[in-house]
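Novice:
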Amino acid sequence: MATPLTLKELSKKEGLLTSGHRMCAGCGAPIIVKMVLMASDYPIVAANATGCLEVSTCISDYTAWKIPWIHNAFENAAATISGVETMYRSLKKQGKIDKEIKFIAFGGDGGTYDIGFQSLSGAMERGHDMLYVCYDNGAYMNTGIQRSSATPFGADTTTCPAGSVIPGKTQQRKNLTKIMAAHDIPYAAQASPSHWMDLVKKVKKALDIKGPKFMNILSPCNRGWRSRTDDAIMLSRLGVETCYWPLYEIEDGATKVTFKPKEKKPLVDFLKPQGRFKHLFAPENENMLKQFQAAVDKEWASLLKASGTE
Amino acid sequence: MAKVVAVTGNEAVANALRQVNPDVSSAYPITPATDIMQRFTSFVSNGKVKTEMILVESEHSAMSGCIGASAAGGRVMTATSSQGLALMWEELFIASGTRLPIVMALVNRALSAPLNIHGDHSDGMGARDCGWIQLWSENAQEAYDNTIQAFRIAEHMDVRLPVMVCMDGFIISHSIERMEYLEDEAIKNFVGEFQQTNPLLDLEHPVSYGPLILPDYYMEYRKAHAEVMAQAPKVVLDIAKDFEKISGRKYGLFESYRLDDAEIGIVILNSAAGTTKDAIDLFREKGIKAGLLKPRLYRPFPYEEVGDALKHLKAVCVLDRADAFGGSYGPLFIDIASSLYPYKDKPVLINKIYGLGGRDYLPGHAELVLNELAEILRTGKVKTFKEYIGVRE
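Chains as they are written, first to last, in this note's numbering: chain A, 1 to 310; chain B, 1 to 393.
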């Protein structure tokens, strides 16, 4: 029976990622993984791209995963889970397995937007019955905060450091959620751990849809964002309320904004508490703030238009 | 009853795979291996096998898919060549380090640059130390027989390692030869049911695959891998005996041809061994005691057995269809030299690099080499220890 969507009922479910893992205090990723696994009423088999989540949750001879879990390499969580899912179909067809199992791949933004992009695109096109969850913290945090194609405009990272000539990242982020939706998959969505009900509902919906699904989830990283350890949920909420990280879903091609802030906050509310954007507040970088705000406004307007809620 | 057919090497391997009937295959096209998967997917489309295909977007994903499928708990195979194997390189180590019994047909082809689609051994040699078992095949029959045995070797509980079955691109993969197919039922019985070990799909016993292992235990894992590989030759021989019972064909760790009383000899892999045997027969007719050793199990390399088989010779030429740039000699030569190192009395060793990028290896080349060895035997003098043959100066 499906678990009712209340905190009280969800909290009664067994945590499938145990405490004692070695993710940093205040990291968004394990919160996201716990929410995703909690949302499922099906048994899950998961694949994990190399990255923070992987290196911190399965250090031999310990594992934090109470579900079957496989890590292969950095760029191939999608291809790996497609192998697992295909063996499942083969054995099911042969009558060697009868349980209903759902398959989820977890990857950070580096392993998803960049090095794992081909593998992900291939898996989506092939139509495997799987959900790919990207926990997007906006840089290669595991290797020490290097720029990725998910790194926000203007951010200071260790490979695009804010210097006297170049003010951090000079390009806008890759719009991966829309790119995945452009694969004409049945379901693509963005979520944030601050809006847990929205996140859990989306995972539930995704798992009930047959075929390839993609979810992009904002994952605060206090090390890389240069923010306070206890601000992860506050920052992810600001990401949503400033429309830096709009919550929406694209189901069978139809876009729906799933959370519309009563009052859209200025982007600087999201940027200010993060040290990675500190230099943008220098007078000479005022134009960058304007450019960044304009990009956020444009994307938000396009989503509202697409969802018919202008 | 065995069926005599005239088929290409690729067709032979595709039919071996049909008879083995794996649960999953994940593959990507590349010349000259493509033909194997084209034939195999037609078996899938026409219901001749139960296999579920994953037609991926790269060889990296092909091996990644094989790894996921194999860990899930079933029989898995793929095929590739050259650049495809190179793109898989990272995954080859993960497949073997995770002890997954995947079988891969490697249709040997030159590596780029310059781009070349023809047969040489630079792909397989580049992957020789990746922890896979490698079986090399002279002709379509051997490729077929090795492919079938490869599943038993890979899945043996003392081994549980991936196996690569090599044959020469175009020379074997695309040439039609006479060979014998065994009955479908005989192969089905020979390979048996797949035995799972810690399958990922076992929900009652959840396992974590692919942990991080730091300096405290990494080395123990590598040592365990080396020890498991050391078990492989015995398993290869046991399975060859079982295979002989259904086929009548005898397989060892390597083939010895007129070697027992030989004074001069050639060591050579794959298709060129056939041409060389003809030249050896010719020299035997002239009263020159020539012989040949053709490795079959190249990884793990049976050093002791090979050394023992060659130690009584006076002069040996190792022919390499790949060079090891910047190293001393070709890769096969290095293994043969290591095999003979412990012996006080051992043959003079010379090395020739031949047939790169599909350059023909002709009977004349084998005869030149045998003449040179005979000359060394007569004079005790070596002109050159290593040289390229069949090449413009």
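All C-beta atoms in this analysis are idealised placements derived from N, C-alpha and C, irrespective of residue type, glycine included. What you are looking at is a predicted structure, and each value in this text was computed from that prediction instead of being measured.
Using only alpha-carbon positions, find the residue among B:G326, B:E255, B:G131 and B:N351 that is nearest to B:M309.
Specialist: Here residue 309 of chain B corresponds to residue number 309 of the second sequence, with the count starting at 1. For clarity, residue 309 of chain B is Ala in the given sequence; the question names Met instead. Of the candidates B:G326, B:E255, B:G131 and B:N351, the one whose C-alpha sits nearest the C-alpha of B:A309 is B:E255.
Novice: Considering just the uninterrupted stretch of the beta strand (DSSP E) at A:E249, what are its terminal residues?
Specialist: If you number the first sequence from 1, residue 249 of chain A lands on position 249. Element bounds for A:E249: L247 to E251.
Novice: Would you mind telling me which residues of chain B sit closer than 7 Å to A:R182, beta carbon to beta carbon, in chain order?
Specialist: Stepping through the first sequence from its first residue, residue 182 of chain A is reached at position 182. This sequence places Ala at residue 182 of chain A; Arg is not what is there. None at all; the shortest Cβ gap to chain B is about 16 Å.
Novice: CB-CB under 7 Å to B:S22, same chain, minus the five flanking residues each way: which ones, in chain order?
Specialist: Indexing the second sequence from 1 puts residue 22 of chain B at position 22. A quick correction: the sequence has Pro, not Ser, at residue 22 of chain B. So the list reads T51, R75, V76 and M77, once near-sequence residues are dropped.
Novice: Per DSSP, what kind of secondary structure is B:K311 in: helix, strand or coil?
Specialist: In the second sequence, the residue the question calls residue 311 of chain B occupies position 311. If DSSP states are grouped into helix, strand and coil, B:K311 belongs with coil.
Novice: Determine the direct distance from the alpha carbon of B:E180 to that of B:G265, and round the result to whole angstroms.
Specialist: Locating residue 265 of chain B in the second sequence gives position 265, counting from the first residue. Locating residue 180 of chain B in the second sequence gives position 180, counting from the first residue. Distance between the alpha carbons of B:G265 and B:E180 is about 30 Å.
Novice: Between B:E155 and chain A, is the shortest Cβ-Cβ distance under 9 Å, so that the two count as touching?
Specialist: On the second sequence, residue 155 of chain B is found 155 positions in, with the first residue counted as 1. Using beta-carbon distances, B:E155 does not count as an interface residue toward chain A, since no partner is under 9 Å.
Novice: Taking the DSSP output, what are the residues bridged to B:D202?
Specialist: Mapped onto the second sequence, residue 202 of chain B falls at position 202. DSSP, once it has assigned bridges, lists no residue as partnering B:D202.
Novice: Tell me the start and end of each unbroken alpha helix (DSSP H) in the stretch 181 to 226 of chain B that is at least 4 residues and wholly inside, in chain order.
Specialist: 184 to 191
Novice: With 8 Å as the C-beta to C-beta threshold (strictly closer), list the residues of the stretch 202 to 215 of chain B near chain A in chain order.
Specialist: D202, L203, P206, V207, S208, Y209, G210, P211, L212, I213 and L214
Novice: With a threshold of 9 Å between beta-carbons, can A:G107 be considered close to chain B, or not?
Specialist: As a working mapping, residue 107 of chain A is identified with position 107 in the first sequence. Output row for A:G107: interface = no.
Novice: Does B:W89 come out as helix, strand or coil in the three-state DSSP assignment?
Specialist: For the purposes of this step, residue 89 of chain B is identified with residue 89 of the second sequence, where counting begins at 1. Note: B:W89 maps to helix in three-state DSSP.
Novice: Locate the beta strand (DSSP E) running through A:F259, then write down its first and last residues.
Specialist: Reading the first sequence from its first residue, position 259 is the one you call residue 259 of chain A. Element bounds for A:F259: A254 to F259.
Novice: Any heavy atom of the ligand NAP within a distance shorter than 8 Å of the CB on A:T229?
Specialist: As presented, the structure is devoid of all ligands, the ligand NAP included, so that no description of it is given.
Novice: Between the stretch 60 to 73 of chain B and chain A, which residues of the former have a C-beta closer than 7 Å to a C-beta of the latter?
Specialist: H60, S61, S64, G65, C66, I67, G68, A69, A71, A72 and G73
Novice: Could you please tell me which residues of the stretch 75 to 90 of chain A, in chain order, have their CB closer than 9 Å to any CB of chain B?
Specialist: E75, N76, A77, A78, A79, T80, I81, S82, G83, V84, E85, T86, M87, Y88, R89 and S90
Novice: Is B:N192 buried or exposed, if buried means 16 or more other CB atoms sit within 10 Å of its CB?
Specialist: What you label residue 192 of chain B is simply residue 192 of the second sequence in a count that begins at 1. Residue 192 of chain B is actually Gly in this sequence, not Asn. Exposed, by the Cβ-count rule.
Novice: Using a 10 Å radius around the Cβ and a threshold of 16 neighbouring Cβ atoms, would you call B:S338 buried or exposed?
Specialist: Indexing the second sequence from 1 puts residue 338 of chain B at position 338. Exposed, by the Cβ-count rule.
Novice: Against A:K66, what residues of chain B qualify as contacts under a CB-to-CB distance less than 7 Å, listed in chain order?
Specialist: Locating residue 66 of chain A in the first sequence gives position 66, where the first residue counts as 1. P206, listed in chain order.
Novice: If I measure Cβ to Cβ from B:L259 and keep anything under 7 Å in the same chain, skipping five residues before and after, which residues do I get?
Specialist: Translated into the one-based positions of the second sequence, residue 259 of chain B becomes position 259. Once the five neighbours on either side are set aside, the close Cβ partners of B:L259 are G265, G291, L292, L293 and A309.
Novice: So, does the stretch 76 to 94 of chain B touch the stretch 90 to 102 of chain A, judging by three or more C-beta pairs under 8 Å?
Specialist: no
Novice: Count the other CB atoms, across all protein chains shown, that sit within 10 Å of the CB of B:T351; report buried if there are 16 or more and exposed otherwise.
Specialist: For the purposes of this step, residue 351 of chain B is taken as the residue at position 351 of the second sequence. The sequence shown places Asn at residue 351 of chain B, rather than the Thr named in the question. In this structure B:N351 is buried. Its beta-carbon is surrounded by 16 or more other beta-carbon atoms within 10 angstroms.
Novice: Could you tell me the distance, in whole angstroms, from the CA atom of A:D208 to the CA atom of B:N108?
Specialist: Mapped onto the first sequence, residue 208 of chain A falls at position 208. Mapped onto the second sequence, residue 108 of chain B falls at position 108. Each residue's alpha carbon lies about 45 Å from the other.
Novice: Within the 9 Å Cβ cut-off, does B:T51 reach chain A?
Specialist: Taking the second sequence and counting its residues from 1, the one referred to as residue 51 of chain B is at position 51. Yes, B:T51 counts as interfacial toward chain A.
Novice: Can you pull the chain A neighbours of B:D184, defined as C-beta to C-beta under 7 Å?
Specialist: Stepping through the second sequence from its first residue, residue 184 of chain B is reached at position 184. None at all; the shortest Cβ gap to chain A is about 17 Å.
Novice: Give the residues of chain B in contact with A:R126, contact being defined as C-beta atoms less than 8 Å apart.
Specialist: Along the first sequence, one-based indexing puts residue 126 of chain A at 126. Per Cβ cutoff of 8 Å: I54, L55 and V56.
Novice: When the Cα of A:A105 is compared with those of A:T80, A:Y113 and A:K92, which residue comes out closest?
Specialist: Numbered from its first residue, the first sequence carries residue 105 of chain A at position 105. Nearest of A:T80, A:Y113 and A:K92 to A:A105, Cα basis: A:T80.
Novice: Determine contact between the stretch 113 to 120 of chain A and the stretch 58 to 72 of chain B, defined as no fewer than three beta-carbon pairs at a distance below 8 Å.
Specialist: yes
Novice: May I ask you to list, following chain order, the residues of the stretch 132 to 152 of chain B that have a beta carbon less than 7 Å from some beta carbon of chain A?
Specialist: none
Novice: What in chain D is Cβ-close to B:Y217, meaning under 9 Å?
Specialist: The structure shown contains no chain D; its protein chains are A and B.
Novice: In three-state terms, what does DSSP make of B:R178?
Specialist: Here residue 178 of chain B refers to the residue found at position 178 when the second sequence is read from its first residue. Strand.
Novice: Quick check on this structure: which residue in A:W245, A:S40 and A:K13 has the alpha carbon closest to the alpha carbon of A:L176?
Specialist: Here the question's residue 176 of chain A lines up with position 176 in the first sequence. Selected option, being the one with the closest Cα: A:W245.
Novice: Reducing DSSP to helix, strand and coil, say where A:I233 ends up.
Specialist: If you number the first sequence from 1, residue 233 of chain A lands on position 233. A:I233: helix per DSSP, three-state reduction.
Novice: Could one say the Cβ of B:S96 lies closer than 9 Å to chain A's Cβ atoms, at least one of them?
Specialist: Reading the second sequence from its first residue, position 96 is the one you call residue 96 of chain B. It does not: the Cβ of B:S96 has no partner Cβ on chain A nearer than 9 Å.
Novice: For A:V45 versus A:P68, is the C-beta distance shorter than 9 Å?
Specialist: Translated into the one-based positions of the first sequence, residue 45 of chain A becomes position 45. Translated into the one-based positions of the first sequence, residue 68 of chain A becomes position 68. Yes, the Cβ-Cβ distance between A:V45 and A:P68 is below 9 Å.
Novice: Is it buried or exposed, B:P199, if we count other Cβ atoms within 10 angstroms and call 16 or more buried?
Specialist: Here residue 199 of chain B refers to the residue found at position 199 of the second sequence. Looking at its Cβ environment, which holds 16 or more other Cβ atoms inside 10 Å, B:P199 is buried.
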